[in-house]
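Numbered per the UniProt record's numbering, the sequence shown spans residues 1 to 452.
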Amino acid sequence: MPSDSVIILTDSPNVIKDTAELLQFVGYDVSIASDVSAALKRTDAQLILVYYWLLRDAQDVVRYIKTTVEIKDLPVIVIIEEKNYITLLELYQIGISDYIELPIIDVELISKIALHIELKKNREKIESLYKELRESLNLASSLQTLMLPEPVQVCNGIWITSKYMPSQIVGGDIYDYFTVNEDVYLYTADISGHGIQSALLCSAVKSVIRSTAQRNLNMADMINELQESLKTVLGHNYVTGLFLRIRGNEVEYINCGHPPLIVYDGHRFSKMMMKSIFPIGLMDYKYTSEDCGRFELQNGLTFIAYSDGLYSIFERIRSSEDSMRLLLEFLNKEISGIMPEALPFAVANALKKRYSELPDDYSFVAFGRSQGINYYSENSKYETIPFDQNMKELVNEILLGVSGDNYTLLINDHERYWSIVTKNVEIGRILRKLPMSITMSFGAVECVKLFK
1 MPSDSVIILT
11 DSPNVIKDTA
21 ELLQFVGYDV
31 SIASDVSAAL
41 KRTDAQLILV
51 YYWLLRDAQD
61 VVRYIKTTVE
71 IKDLPVIVII
81 EEKNYITLLE
91 LYQIGISDYI
101 ELPIIDVELI
111 SKIALHIELK
121 KNREKIESLY
131 KELRESLNLA
141 SSLQTLMLPE
151 PVQVCNGIWI
161 TSKYMPSQIV
171 GGDIYDYFTV
181 NEDVYLYTAD
191 ISGHGIQSAL
201 LCSAVKSVIR
211 STAQRNLNMA
221 DMINELQESL
231 KTVLGHNYVT
241 GLFLRIRGNE
251 VEYINCGHPP
261 LIVYDGHRFS
271 KMMMKSIFPI
281 GLMDYKYTSE
291 DCGRFELQNG
301 LTFIAYSDGL
311 YSIFERIRSS
321 EDSMRLLLEF
331 LNKEISGIMP
341 EALPFAVANA
351 LKKRYSELPD
361 DYSFVAFGRS
371 QGINYYSENS
381 KYETIPFDQN
391 MKELVNEILL
401 GVSGDNYTLL
411 INDHERYWSI
421 VTKNVEIGRI
431 LRKLPMSITM
441 SFGAVECVKL
451 FK
């Protein structure tokens, strides 16, 4: 095993000669130089020992070391003639790791050099592990994002907008919505745990749900099959989830330990009373039709599915109070009154403004029916609104602002206004033509409330 390299910078090699011989005797690879350029040539150096007859010169050398990128992280030990606390304070402020006072005591010299080299190696190991962890978390986050559906979509006459908000810790949030024949499937789920394992389990959940939906299984059997598929990989983890199948206006659901839907009528947010049963994988349980519930979609009502990360921030700040009540209080105070299609994006903006960091990631999916829906994207077109000539011209002008292949335009017909939601479409140039409107921008997504 190669020995650790120590560089001695000095203008008095005779004074430091015995020190160099001692370090060589105990196994260090020692090189002596009079200027810092030698340190730059030794890429394998583990520590720099500095001794100059004038302490001012030693200070200048240390200052140069600590401002030179290639060697600034090397530990520096300064040898001094006598202890002067003011000078030592200045040296520590510049960045030395330690000092040794002349005459040098062999044991002190060897132990301090060994200590600081070991600390350097441990720091490098920690930095390497941290880098690997960050790469793993970034991969998990990328996997999670790739698995999520488009944030603005229409499924068989139901408009859906969604937003996933990551935190510093990658969690196990997954949501999806899709159409099989005439049925719309929509769910939000949360896998306990964090990191790459949770992200991979998210992929398994999505795959199984899509597969079982194609076979037209009832809701209970879908969840039983999901539980059976995950049994060998969940370990000590479990899955909470709210799974819905929408047929016409009738919604059948099974809630496996997940937060209930929130209902928004355009003015107030309220919690829906829902059945709930055990999370998936928490115990050996067979789900039945008795565990399922039903409700009806209504024009003008928006339904919100989300993960518990949405209200976890309120638990952290005001732990003694009911977090769901605090969430509803926040929504009614900060969000109430905006167009329903903008909810996922507006909530994310409001939380980011209020709290610099979120303690957990969360998912937010808003969906509902309106009097009419027109939807345009690169691969699909869905129209139920017979536009007059003015609206046709407006749509055509909006689509002229498409800025990429992955674009979306959603127009919902509400009683007193039109909701216009775009993704990757530049609409700034036409806003001046819409005086009776309110516009909200959320990065790639723009939401316009156009009064009739």
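Glycine included, every Cβ here is placed at the ideal spot set by N, Cα and C.
query                                                                                                                 : result
As assigned by DSSP and simplified to three states, the class of Val69                                                : coil
Beta bridge counterpart(s) of Thr240 as assigned by DSSP                                                              : Asp190
Cβ-based neighbour list, Ile94, same chain, cut-off 7 Å, excluding 5 preceding and 5 following                        : Gln59, Val62, Arg63 and Lys66
Cβ pair Asn152, Thr161 closer than 8 Å                                                                                : A small fix is needed here, since residue 152 is Val in this sequence, not Asn. Yes.
Residues near Cys202 by beta carbon distance below 7 Å, same chain, minus five either side                            : Gln144, Met147, Gly172, Ile174 and Ile191
Extent of the continuous beta strand (DSSP E) run through Val402                                                      : Taken as a continuous stretch (DSSP letters only), Val402 belongs to no beta strand (DSSP E), as it is neither H nor E.
The segment 271-290 / the segment 236-244 touching (three or more Cβ pairs under 8 Å)                                 : yes
Neighbour-count burial assignment, Pro13, 16 or more Cβ in a 10 Å radius                                              : exposed
Residue burial classification, Lys206 (beta-carbon count within 10 angstroms, cutoff 16)                              : buried
Touching by the beta-carbon criterion (3+ pairs, under 8 Å), the segment 213-231 and the segment 326-343              : no
Closest residue to Val36 among Lys17, Val76, Lys121 and Gly368 (Cα-Cα distance)                                       : Val76
Trp159 versus Gln197: straight-line alpha-carbon distance, rounded                                                    : 32 Å
Residue range of the beta strand (DSSP E) that includes Gln371                                                        : Looking at the DSSP string, Gln371 is not in any beta strand (DSSP E), and its letter there is neither H nor E.
Limits of the unbroken beta strand (DSSP E) element including Phe303                                                  : Thr302 to Tyr306
DSSP state of Met1 mapped onto helix, strand, coil                                                                    : Interpretation of Met1 is limited by its pLDDT of 45, a score under 50 that renders its predicted location unreliable; the figure taken from the coordinates is listed afterwards. Coil.
Counterpart residues of Arg245 in DSSP-defined beta bridges                                                           : Tyr185 and Glu252
Nearest residue (CA-CA) to Leu297, options Ile8, Leu55, Tyr375 and Leu261                                             : Leu261
Of the listed residues Asp291, Ser307, Val263 and Ser34, nearest to Asp361 (C-alpha basis)                            : Ser307
Residue span of the beta strand (DSSP E) that contains Gln46, given as start and end                                  : Ala45 to Tyr51
Helix, strand or coil at Gly27 according to DSSP, with G and I counted as helix                                       : coil
C-beta contact flag for Val251 and Leu244 at 8 Å                                                                      : yes
Backbone secondary structure at Phe387 - three-state DSSP                                                             : coil
Simplified DSSP assignment, three categories, for Gly281                                                              : coil
Three-state secondary structure (DSSP) of Lys452                                                                      : coil
Proximal residues to Ser403 (C-beta, below 8 Å), its chain only, five neighbours per side dropped                     : Asn424, Val425 and Glu426
Straight-line gap, Phe364 to Ile117 (C-alpha atoms, nearest Å)                                                        : 50 Å
Limits of the unbroken beta strand (DSSP E) element including Val425                                                  : Careful: Val425 lies outside any beta strand (DSSP E) and carries neither H nor E.
Burial state of Val78, where buried means 16 or more other Cβ atoms lie within 10 Å                                   : buried
Cβ distance (whole Å) where Ala39 is taken to contact Ile71 below 8 Å                                                 : 5 Å
CA-to-CA distance, Leu310 to Ser323, given in whole angstroms                                                         : 10 Å
Cβ-Cβ distance between Leu226 and Ile254 below 8 Å                                                                    : no
Beta-carbon proximity check, Arg375 vs Val180, cutoff 8 Å                                                             : A small fix is needed here, since residue 375 is Tyr in this sequence, not Arg. No; because the gap between Cβ atoms is not below 8 Å, this pair is not in contact.
Three-way DSSP call (helix, strand, coil) for Ser312 in this model                                                    : helix
Residues of its chain near Met1, where Cβ-Cβ distance is below 7 Å and the 5 sequence neighbours each way are ignored : Because the pLDDT of Met1 is 45, which lies under 50, any placement of that residue in the model is unreliable, and the number read from its coordinates should be weighed accordingly. So the list is empty, once near-sequence residues are dropped.
Leu434 (DSSP reduced to helix, strand or coil)                                                                        : coil
Contact belief for Ser31 with Thr10 at Cβ below 8 Å, rounded distance in angstroms                                    : Going by Cβ atoms, the distance from Ser31 to Thr10 rounds to 11 Å, so no, they are not a contact pair.
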